[in-house]
Amino acid sequence: MKKLFVLFYLLACILTGAQAQQHVTLKDVAQGTYRAKNIYGIKPMLDGEHYTQISSDGKRIVKYSFKTGKEVDTVFDVTTARNCTFKSFDDYILSPDEKRILIQTETQPIYRRSFTAVYYIFDVRNNKVTPLSDKGAQQVPLFSPDGNQIAFVRNNNIFLVKLLFGNSESQVTKDGEYNKVLNGIPDWVYEEEFGFNRAFDFSADSRMIAYIRFDESQVPQFSFPLYKGAFPSNEEYASYPGAYSYKYPKAGEVNSKVTVHTFDIKSRVTRQMDLPLDTDGYIPRIKFTSDPEKLAIMTLNRHQNRFDLYMANPRSSLCKLAIRDEAEQYIKEQAYSDIAFYPEHIVMMSERDGYNHLYLYTIAGNLVKQITKGQFEVKSFLGWDQNNNIFYYSSNEESPLRSAVYKIDAKGKKTKLSSRTGTNEAIFSTNQKYYINKYSGIKTPTLITINDNKGKELTTLLDNAELKAKVSSLNMPSKEFFSFKTSDGVELNGWIMKPHNFDANKKYPVIMHQYSGPGSQQVLDRWNIGSMGDGGMFEAYMCDKGYIMVCVDGRGTGGRGAAFEKCTYLYLGVKEAQDQVETARYLGTLPYVDGKRIGIWGWSFGGYTTLMSMSEGSAAFKAGVAIAAPSDWRFYDTIYTERFMRTPKENGEGYNAGSAILRAPQMQGKLLLIHGTADDNVHYQNCAEYSEALVQAGIQFDMQVYTNRNHGIFGGNTRNHLMNRVANFFINNL
Numbered sequence: 001m002k003k004l005f006v007l008f009y010l011l012a013c014i015l016t017g018a019q020a021q022q023h024v025t026l027k028d029v030a031q032g033t034y035r036a037k038n039i040y041g042i043k044p045m046l047d048g049e050h051y052t053q054i055s056s057d058g059k060r061i062v063k064y065s066f067k068t069g070k071e072v073d074t075v076f077d078v079t080t081a082r083n084c085t086f087k088s089f090d091d092y093i094l095s096p097d098e099k100r101i102l103i104q105t106e107t108q109p110i111y112r113r114s115f116t117a118v119y120y121i122f123d124v125r126n127n128k129v130t131p132l133s134d135k136g137a138q139q140v141p142l143f144s145p146d147g148n149q150i151a152f153v154r155n156n157n158i159f160l161v162k163l164l165f166g167n168s169e170s171q172v173t174k175d176g177e178y179n180k181v182l183n184g185i186p187d188w189v190y191e192e193e194f195g196f197n198r199a200f201d202f203s204a205d206s207r208m209i210a211y212i213r214f215d216e217s218q219v220p221q222f223s224f225p226l227y228k229g230a231f232p233s234n235e236e237y238a239s240y241p242g243a244y245s246y247k248y249p250k251a252g253e254v255n256s257k258v259t260v261h262t263f264d265i266k267s268r269v270t271r272q273m274d275l276p277l278d279t280d281g282y283i284p285r286i287k288f289t290s291d292p293e294k295l296a297i298m299t300l301n302r303h304q305n306r307f308d309l310y311m312a313n314p315r316s317s318l319c320k321l322a323i324r325d326e327a328e329q330y331i332k333e334q335a336y337s338d339i340a341f342y343p344e345h346i347v348m349m350s351e352r353d354g355y356n357h358l359y360l361y362t363i364a365g366n367l368v369k370q371i372t373k374g375q376f377e378v379k380s381f382l383g384w385d386q387n388n389n390i391f392y393y394s395s396n397e398e399s400p401l402r403s404a405v406y407k408i409d410a411k412g413k414k415t416k417l418s419s420r421t422g423t424n425e426a427i428f429s430t431n432q433k434y435y436i437n438k439y440s441g442i443k444t445p446t447l448i449t450i451n452d453n454k455g456k457e458l459t460t461l462l463d464n465a466e467l468k469a470k471v472s473s474l475n476m477p478s479k480e481f482f483s484f485k486t487s488d489g490v491e492l493n494g495w496i497m498k499p500h501n502f503d504a505n506k507k508y509p510v511i512m513h514q515y516s517g518p519g520s521q522q523v524l525d526r527w528n529i530g531s532m533g534d535g536g537m538f539e540a541y542m543c544d545k546g547y548i549m550v551c552v553d554g555r556g557t558g559g560r561g562a563a564f565e566k567c568t569y570l571y572l573g574v575k576e577a578q579d580q581v582e583t584a585r586y587l588g589t590l591p592y593v594d595g596k597r598i599g600i601w602g603w604s605f606g607g608y609t610t611l612m613s614m615s616e617g618s619a620a621f622k623a624g625v626a627i628a629a630p631s632d633w634r635f636y637d638t639i640y641t642e643r644f645m646r647t648p649k650e651n652g653e654g655y656n657a658g659s660a661i662l663r664a665p666q667m668q669g670k671l672l673l674i675h676g677t678a679d680d681n682v683h684y685q686n687c688a689e690y691s692e693a694l695v696q697a698g699i700q701f702d703m704q705v706y707t708n709r710n711h712g713i714f715g716g717n718t719r720n721h722l723m724n725r726v727a728n729f730f731i732n733n734l
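Here UniProt numbering is used: the first residue of the sequence shown is 1, the next is one more, and so on.
Structure follows, in structure tokens:
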């Protein structure tokens, strides 16, 4: 009996152990089963002591204490608000005085950042909901500083609602027309590459509206077919396909003609600002300062290597140059996306000393001082406590792989506030008294805490303990960072994931994933590394199948200063591909790597680098997968492409050198091309022309096309199908 009992006991232990070590499935990867939880939509309130957030069921706006992190009040509730006809909502906008709230419902996406929605005005004092407009969905609504007016865009025109006059609605512009003129919202290329969706603002005294007008009538039009498809199903195209047409300026083509206008709300007079802009120049941002007579207009020349900040008088239309920043190659987006205006000062970023740092100017444009200095990059500006003259920011001072939260005082004394090594991001209260810290590391999922401005942790909001418990029961690979030197003597950083049961005496095939685009970073000490940004779950699946998974950031990527990032200028794709080949060669020298079985893949720029690397002239890769990949920069948009390449007319040699299509005859290895037919960003044209080049070169390849899918390739079972396609391709060919 004792022998039998021991046998049953051992069997139970074995079964328990087997159950404990679960395996990641591709369905898990596609569905984001093991994705870390996060806290989104945190909006600090005026008093500096509270913040608001949408409840998890989308029915309430909840008020929380910065000090304790606990819920203290319900600001809005669909079940108790008067005249509320909707059962949940998507987002909200607090008025400047927090007495009214715009409630966003029925959101319909347009492009990456643009969408239409039906908005409602909620009056906090009388708990009543009223529609913003009954004449159709709206875009980008904005409260006036006094909270008594709301401007928004509909059908490319700006409208104004006056709340003190019975919500009366009037039309500010009347020439807006699809594919011709846009008022107050950016065109496709501005939205995608300058990263914004609203192009109008109110003056500080609420008397004027300034807006950018985009005349895209001369911009070439691009069309792609739309089929019936599924999830969603377009029944109108059941027999005959339809088409989507929009204005898309490819490299070297005509851009929208942009002008800045002001509208006087009382007199209804519209003026055009007398802006000394190049005929082919850009206006990536406008913003009213706290002085109603100063409208900040930010401009770039077409090469994007000269940034000018003008102060315009909205009535006289006179524009005066306040700040100019120039670079040999290009100005990074943070110069205009992260600029901050104060009553008497401006805080902005520049790479003028070789690294991205903070600079303080007077509102007139005189340089007061460089706030941060050193061979590191400031990642974000987090606020300025003017009373104590303390600046808050995050930077990668410790390592290009990591970021921390800092403060620096008037004398230059710097204090590190975040305590954990990895990636730290912060949201400060309006008075800079508290901040919410979002931390993660390569082995630690997102941890969110509330801290005071000395760095002391006050409470934990989210620790992802449930995910950690789940992951601990998985057959997870080991995760490590490494670095190596290329034959050119350049040190590159990478991460490597090895199978759970790794045996150093065996030879493993390797799959390399990368993005490689300018300023990007995939090799970071954070949880959401890996191809799917979920802690490496696809990598865990492939490691389970006996593969080693690797990622290396080559030249041109971010975090290491302007020289490293901008060395690919005018020859995009060339050094990036060389560095991935160098990585494969280095990996082949490791005793546990089978150098004849190395694969590479990537999405978007990563797909492009895959094509370039497999055509580099050496048979470094046995197999590769290129998803939604550009294949020739002549097919891509003006703003992004010319920032790094100038125009094809100016730099034909660089465009030829960076053309995967021209390299197609040299492509070596098994290749899988994947693309969506409705990709409005990297057009299917890239895949069609590249595949034709392979056909004419007599090179066999595999191809997977996804009907009606955009650059993200998802919907219904699509992402699950795609992940299976990628995994099986590598399993069959490595």
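Virtual Cβ for every residue (Gly too), placed ideally from N, Cα, C.
Item, Value
"Take the Cβ of R125 as the centre, count every other Cβ of all protein chains shown within 10 Å, and call the residue buried at 16 or more, exposed below.", "exposed"
"My parser needs the beta strand (DSSP E) runs of 3 or more residues fully inside the stretch 385 to 444; what are they?", "390 to 395, 404 to 408, 414 to 416, 423 to 428, 434 to 441"
"Is it right to say K649 is buried, meaning 16 or more other beta carbons lie within 10 angstroms of its own, or is it exposed?", "exposed"
"On the premise that F143 lies in contact with I93, defined as a C-beta separation below 8 Å, what is that separation, rounded to the nearest angstrom?", "7 Å"
"What is the C-beta distance between Y393 and L401, in whole angstroms, given that I count them as a contact (C-beta under 8 Å)?", "In fact, because the Cβ distance is near 18 Å, the residues do not count as touching under 8 Å."
"Are at least three pairs of beta-carbons, each pair with one atom in the stretch 448 to 459 and one in the stretch 501 to 515, less than 8 Å apart?", "no"
"Give a yes or no on whether the C-beta atoms belonging to K507 and V593 are separated by under 8 Å.", "yes"
"Out of N179, V260, L474, N197, which has the shortest C-alpha to C-alpha gap to Q138?", "N197"
"Mind listing, in chain order, the continuous beta strand (DSSP E) runs of no fewer than 3 residues lying wholly within the stretch 56 to 109?", "60 to 65, 71 to 77, 91 to 94, 100 to 109"
"Which residues in the same chain have their Cβ closer than 8 Å to the Cβ of G494, if we skip the five residues on either side of it in sequence?", "F481, F482, S483, F484, V523, V550, C551, V552, D553, T583"
"For A562, count the other beta carbons within 10 Å of its own beta carbon; 16 or more makes it buried, fewer makes it exposed. Which is it?", "buried"
"DSSP state of A678, grouped into three classes?", "coil"
"Could you compute how far the alpha carbon of E193 sits from the alpha carbon of E333?", "9 Å"
"Return the chain-ordered list of same chain residues with a C-beta closer than 7 Å to the C-beta of Y586, the five sequence neighbours on each side being excluded.", "F484"
"Let's see if you can read the secondary structure: which residues bound the beta strand (DSSP E) around G595?", "593 to 603"
"Quick one: grab the DSSP three-state call for Y586.", "helix"
"Could you say which of A230, K250, I286, A626 lies nearest to I209 if we only look at CA atoms?", "I286"
"Mapping DSSP to helix, strand and coil, what is D308?", "strand"
"Per DSSP, what kind of secondary structure is K257 in: helix, strand or coil?", "strand"
"Taking the straight line between their C-alpha atoms, what separation do you get for D353 and E326?", "11 Å"
"Please classify G494: does DSSP put it in a helix, a strand, or coil?", "strand"
"Please state the DSSP three-state secondary structure of Q139.", "strand"
"If you draw a straight line from the C-alpha of N686 to the C-alpha of I661, how long is it?", "9 Å"
"Using DSSP with H/G/I as helix, E/B as strand and the rest coil, what is K566?", "helix"
"State the start and end residues of the unbroken alpha helix (DSSP H) segment that holds H714.", "It should be pointed out that residue 714 corresponds to Phe in this sequence rather than to His. Unbroken run through F714: none, as it is neither H nor E."
"Does D544 come out as helix, strand or coil in the three-state DSSP assignment?", "helix"
"Just to check my reading of the structure: Y361 and M348 have Cβ atoms closer than 8 Å, yes? What is that Cβ distance to the nearest angstrom?", "7 Å"
"By the three-class DSSP mapping on this structure, what secondary structure does D187 have?", "coil"
"DSSP puts G624 in a beta bridge; with which residues?", "I600, L671"
"Where does H513 sit, in a helix, a strand or coil, going by DSSP?", "strand"
"For F538, name the three-state secondary structure that DSSP assigns.", "helix"
"Under 8 Å Cβ to Cβ from K99, same chain only, skipping five residues before and after it: list those, please.", "D123, V124, R125, G147"
"Where L275 and S217 are concerned, what is the direct C-alpha to C-alpha distance, given to the nearest angstrom?", "21 Å"
"Could you pull out every residue in the same chain whose Cβ sits closer than 8 Å to the Cβ of A204, ignoring the five residues on either side in sequence?", "P145, F288, T289, S290, D291, P292"
"Take the Cβ of P220 as the centre, count every other Cβ of all protein chains shown within 10 Å, and call the residue buried at 16 or more, exposed below.", "exposed"
"Please state whether DSSP places T610 in a helix, a strand or coil.", "helix"
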